[in-house]
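Numbering (UniProt numbering), first residue to last: 1 to 421.
Every residue gets a Cβ at the ideal spot worked out from N, C-alpha and C, and that includes glycine.
All of these numbers come straight from a predicted model, not from anything done at the bench.
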Amino acid sequence: MSSVSTAFRARLSRADAVTTDAFLILATTVGLAGFGGVFWLIAGHVQSIAQVGVAGTLLSAAIVVSYVAQLGMGTALVASIPRSDRPAQDIALSLTVTGGLGLALGYLTALLLPLLAPATTGALAGSRGLVYAAVVAGTSVNLTTDSVFLARRQLRTNLMLTGVAMGVVKCLLPSLFVSSGAFGLVLASGIASIGAAVACAYAGLRGLPAATGWKPSTAFRGSYHIGVASYVVGLAEFVPLVAVPVMIIRFAGAEQNGAFFVAFQIATMLNSVAYAVGRASFADGSRSSERIGRAMRTAAMLMVAAVGGGSAVIAAIAPFLLSLFGDDYASQGAPTLRVLCAASCALAVTFWIGILLTLQRRLRASIAVAVVASLGVVAILAALPSTSALAGACAWLGGQLLGAVVGALLLILGRTQRRTS
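As structure tokens, then:
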């Protein structure tokens, strides 16, 4: 009886680990979004709309470039740290690579962006380009430390440093740099980001044996291909995020794109839940192959409850939610939001399948699922007879369903091959 009780408690603990980690990841995401909203609210009061627009362009570009600078390091750390014999060296190497590449790409962005968007020229003139590069480097390091905290089960520390402290500092600084215009907003956000990067790097390395060199561990080298696959998946997921709004605004106009944008921001809350649960299950399953089944079953139950239940609630009150943004959004965007809620459910299934394929080391299959889903969204929207906010939502649903179907077929094929071999 005692052994049965012990086994049950161990299973419950593993399920709780996925649930707790998913909650903390989501709480950090909510904190970032909440303080981000306050930051832009303050920015709107201390700067003109034109300066806010320039700053928004610069900081959005910084986030995209910082993702490009990751090179799969974060996922490789999550997969390897529990088994690494020198985790401090793996972490230090990853932070150096992503921070250094972020610095280089950030400076290159500062040189090229004024050519693509002349309005940003003043904000990036002279030494300001170097400051912008440092901001990108800090953001890159922050993204990498997110994975360090996940791998080391220190997500509460990440919540306090990144989700709370960085947001508070960022919101306190805009009024100090009013005379610097858009660059002042970038500087305010950058100081908070760089400060958080230093604090997170210190916290992520604390308690580990000191690094004695730069050579990564065998576990890290053996897991890096997983990181590369995850990196490719992430890049594929960027495609519809960029392409769909561009297609809507080009062929349907700014009003339709506005309706899609607001509806998509609401649906993004559901997507964030799926991503948080998926990352937590990947971290837990990476610790041991015996944990994969339990982690993925727990993830499936959480996604059904949170994403499925949340989608039903949001779809039911869609007109009310959109009316908070204005009557035009409520009248035009309700059908779009309801379809996007269904798309969030399909995205959760697609993402769950991709995580399982990655844990099974079927990396080409996980990439194929992401590519099919992402390109499917764009292809379906291009094939529809007319473009609108609702068409964009339908394309998003269709692409995610296509990815889920392909992923399910790949899982069935893999199981059949294992049984016959």
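Distance check between THR20 and each of ALA137, ALA299 and PRO118 places ALA299 closest, using alpha-carbon atoms only. Rounded to the nearest angstrom, the Cβ distance from ILE248 to ALA404 is 24 Å, too far for a contact under 8 Å. Excluding sequence positions up to five before and after VAL246, its CB lies less than 6 Å from no other CB in the same chain.
Relative to the Cα of SER288, the nearest Cα in the group ALA43, THR28, SER48 and SER84 belongs to SER84. With fewer than 16 other Cβ atoms inside 10 Å of its own Cβ, PRO209 counts as exposed. Taking ALA346 as the centre and dropping the five residues before and after it, the same chain places the C-beta of LEU397, GLN400, LEU401 and ALA404 closer than 7 Å to its C-beta, in chain order. The criterion of a C-beta distance shorter than 8 Å is satisfied by ALA182 and ALA123. Taking the Cα of GLY308 as reference, the smallest distance to any Cα among GLY278, ARG291, ALA334 and VAL273 is reached at VAL273.
Secondary structure note for LYS170: its alpha helix (DSSP H) is the uninterrupted segment 166-172. Distances from the alpha-carbon of ALA137 to those of ALA263, VAL65 and ARG128 put VAL65 closest. Contact between the segment 156-170 and the segment 22-37 is present: 3 or more CB-CB pairs across the two stretches fall below 8 Å. For the 8 Å CB-CB criterion, ALA280 and SER344 do not form a contact.
When the five nearest sequence neighbours on each side are left out, the beta carbons in the same chain lying within less than 8 Å of the beta carbon of GLY31 are those of LEU159, THR162, GLY163, VAL164 and GLY167, in order along the chain. Annotation: the segment 336-401 contains no complete segment of the beta strand (DSSP E) (minimum length 3 residues). Taking a contact as a CB-CB distance under 8 Å, the pair LEU322 and ALA330 counts as one, their CB atoms being some 4 Å apart. Contact between the segment 217-225 and the segment 187-202 is absent: fewer than three C-beta pairs spanning the two stretches fall below 8 Å.
DSSP, reduced to helix, strand and coil, places PRO82 within a helical segment of the structure shown. Residue GLY278 holds the alpha-carbon nearest to the alpha-carbon of VAL349 among GLY278, ASP328, ARG362 and VAL313. Distances from the CA of ARG250 to each of THR420, TRP352, ALA382 and LEU356 were compared; the closest alpha carbon is that of ALA382. For LEU356, the closest of SER175, THR336 and SER286 by C-alpha to C-alpha distance is SER286. Residue range 49-68 is occupied by the alpha helix (DSSP H) that includes SER66. In the three-state scheme derived from DSSP, where H, G and I count as helix and E and B as strand, PRO209 is classed as coil. ASP146 and ALA276 have their C-alpha atoms spaced approximately 12 Å apart.
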